[in-house]
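With this note's numbering applied, the sequence shown has no gaps in its numbers, which climb one by one up to 659 at the end.
Glycine included, C-beta positions come from ideal geometry on N, C-alpha and C.
Keep in mind that this is a model prediction, so the values were computed, not measured.
What follows is a short report on a single structure.
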Amino acid sequence: MTFKVGIEGSATLQWQSFSNGVWADIAGANGTEYTIARTSGSDDGRQFRVLVSSTGKATSSLASSVATLKVVQGVAWSFSSPSFVGASLNAVRWIDSNTAVAVGSGGAIIRTKDAGLNWSIIRGHVAGTEDLTQLSVLDSKTLLASGKKLLLRSTDAGLSWTTLAAPSSSKLAMAFRTSLAGVAAEYGGKLYRTMDGGQSWTAGQVPASAVIETLECRQQLCIASGVDSSQMSRKNAWKSTDDGLSWTPIDFKTPLTTLDLRAITFAGDGILYAEGRYTAGRSRDGGSSWEWWSLPGAHMPSSSGVLFADGAHGISRSGAYRTQDGGSTWTKVESVPFRSEDAADLALSSSGLGLAIDGGGRIKRSTDFGNTWTSVFQGPDHDLEGYDFTGVAFSSRETGLAVCSQGIVATNDGGKSWKLAPLPSMAQPDMKAVAFADAQTAVIANYMPLRSTDGGKSWQVVNGLVVGTNPVVGFSSAGWGLVGGSAGVYRSTDGGATWSMVSTQGGPWGFGALAIRDSVALLSGSAGGMMRSTDSGKTWSLVPGFTDWIKSLAWVDARTVYALNTQGQVLRSSDAGLSWSPLNGVVSGRFATISFTKGGQLGLIAGAGILLHSVDGGQTWIKDLEGPSFFWQAVGFADEHSPVMVGMDGVIATGSGY
């Protein structure tokens, strides 16, 4: 923030701030401009002025008008599950036995100094920032992190980072032989060399006929692997002893047609380990000579290869197999750190410590060279991996519930922390949505609905009520509620204690969305069409001519309601759901949910890696988050300014600054 003053002629200037009831000089602030480098919420309301003094025949001073600083907090999101950084993680490296760094989407960087038990955010995920996909440790202090068009360098073991000129706008594979000498390669493109730790780059030589996919360097040797167009596009490997100036193919002493190379890596200084389709090999002289043996049937190599902690201990990058003899024999690990489709990166130290990260931002830790793994919890009391949340609701600023087909989690602090709630023995896990009838009473839309009268601490199956599949639930502030599914629609006037079936006049059963406002209710069919009630759900009629498939509905006020259809369009009605039209100015997207606060000013649209918000009742929308990190499926509000989002694979986040 910069303040400016304009003067005529020569004068002496002194900037002052008002504190503790008096004006005090600001040391060194004597120019026509005064800049506050960084502000916080505590600076809101601070006052500033400038004293202008002239020295002529008589000295005189004049004070400027007072300027008051207004600090407006920006929108921010805190992630409690599964990744406290709120980003996909792509690469992780050990710096020493206790310190490690991981990088991810949106330029995110996190760091641990206690061997992976606790992590701190160095750089948060920022929408629109390039993803960091590679991480190189040059020495105990120097690191490089890279992505498309982005190259960052740290000289204090990952605590702070500066931006360097990237050698290419493409995604790079990168490796360093020393703290100064390194190589980087575009996939299928150019190769670059650096001799000053990545601060400047020059062109290197791409191996003839090579499309480089991976690079590794150790001591005097660099190896590259990728597709070889001269070998009928089979995978091949090359080595360089002059930091990428020249490359020669590695002679595996067996034809590539027989070997069918899958991966090559260092198993120690000067030791190479390679895997073919059914064989593995080791070279102890930089690839000049090889010994080969058959792989056990259980161990299936992949293009991602293996990772060695030392000359003996290694693990397949899928995390499924490990070796304790340099790759001669392999055994299954007792626990796999991640699902194969989520696997991102592994790091093993020579002391046996392992770190595993995945596309969901989860971190797992091993102390036995990758044989067993435990989750590093940053928020919930339970690992929510695989919990695909579809509903969330709050009864107060502090009390909220989130549901999915696997269970229920509850919060008593506005979404900062969550705990699993016990399920009754008769509960069938098909929970889709949750709604509060009052401060303590909640109902969960399930094949057989569940009800709680203690704020979600305990649950009971609603006896005799079966609503079927694709269930929905909602309550009016007037106290009546609806629950529906493939078996019909039911109405309650006592907070969900008892229910009676209502006729929908042949309308669609199996619903996509339900929204209630005062005495008006809207039900969208899972196969298209919409039904409307104006008498608190007692009678229903089809909305004429409406055929869209709607997956989310949200009221703003008694007349205005919004809908998301399966084509990614936002629809708006200004007559309480009688007629609809597409909302101009919002580009269609992979939206999943739309929700507004009770007051109707703040609204959110969320979906596959995208979040929009409106602060004018849906007239205009602003993009907050965009990226592949998370798939949001439901939004609730702890109050008029505090949204909570939940989504697939256990993701939960709380928003502020709205």
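In the DSSP assignment, T3 falls outside any alpha helix (DSSP H) and lies within the beta strand (DSSP E) extending over 3-5. Counting only the Cα atoms, F253 lies some 9 Å from A238.
Residue state for Q634 is assigned as strand, using DSSP reduced to three classes. Note on geometry: alpha-carbon atoms of T332 and S317 lie some 10 Å from one another.
CA-CA distance, S574 to T621, rounds to 15 Å. Distances from the CA of K624 to each of A394, R50, Y659 were compared; the closest alpha carbon is that of Y659.
Comparing C-alpha distances from K539 to each of R235, V503, T143, Q325 shows the shortest one belongs to V503. About 7 Å separates the Cβ atoms of V473 and A514, confirming a contact at the 8 Å cut-off.
In terms of CA proximity to G107, G362 leads the group G362, N119, S336, K114. Comparing alpha carbon positions, the residue from L144, G371, L216 closest to L173 is L216.
Here G227 carries a strand assignment [DSSP, helix/strand/coil]. Here T598 is buried: its Cβ has 16 or more other Cβ atoms, across all protein chains shown, within 10 Å. The three-state secondary structure of M649, taken from DSSP, is helix.
Inclusion of S180 and G198 in the CB contact set at 7 Å is warranted, their separation being smaller than that value.
Checking the DSSP bridge columns, you'll see D359 partnered with A344.
The beta carbon of E187 lies closer than 7 Å to those of S169, S171, L173 in the same chain, with the five residues before and after it left out. For T134, no alpha helix (DSSP H) run applies, since DSSP gives it neither H nor E. In this structure the region 474-484 lies against the region 436-444, because at least three pairs of beta carbons, one per stretch, are closer than 8 Å. Secondary structure note for L192: it is in no alpha helix (DSSP H), and the uninterrupted beta strand (DSSP E) holding it is 192-195. Within the model, the alpha-carbon separation for G87 versus S453 is close to 31 Å. With distances taken between CA atoms, E34 lies nearest to R50 out of R50, A25, K142, F395. The beta carbons of L144 and L165 sit no closer together than 7 Å.
In the structure shown, T266 falls within a strand segment according to DSSP collapsed to helix, strand and coil. V127 and G190 have their C-alpha atoms spaced approximately 28 Å apart. Between the C-alpha atoms of W16 and V636 there is a straight-line separation of about 47 Å. If you ignore the 5 residues before and after G355, its C-beta comes within less than 6 Å of the C-beta of L349, S367, G371, all in its own chain and listed in chain order.
The region 645-652 makes no contact with the region 96-107; the number of CB pairs closer than 8 Å stays below 3. For L70, the CB contacts under 8 Å within the same chain, skipping 5 residues up- and downstream, are M2, I37, T40, D44, D45, G46, R47, Q48, F49 in chain order.
A residue is called buried when at least 16 other Cβ atoms come within 10 angstroms of its Cβ; S525 meets this threshold and is buried. No Cβ-Cβ contact shorter than 7 Å links A488 with G465.
Within the same chain, Cβ atoms closer than 7 Å to the Cβ of Y279 are found at S295, L296, the five residues on either side in sequence being excluded.
According to DSSP, W293 shares a beta bridge with G282. If you check the CB distance, S615 and G604 come in under 7 Å. Annotation for G569: S589, G590, R591, F592 place their beta carbon closer than 7 Å to its own, counting only its chain and skipping 5 residues before and after.
If you draw a straight line from the Cα of D261 to the Cα of E335, it is about 29 Å long. In its chain, beyond the 5 residues on either side, S106, G148 have a beta carbon closer than 6 Å to the beta carbon of D132.
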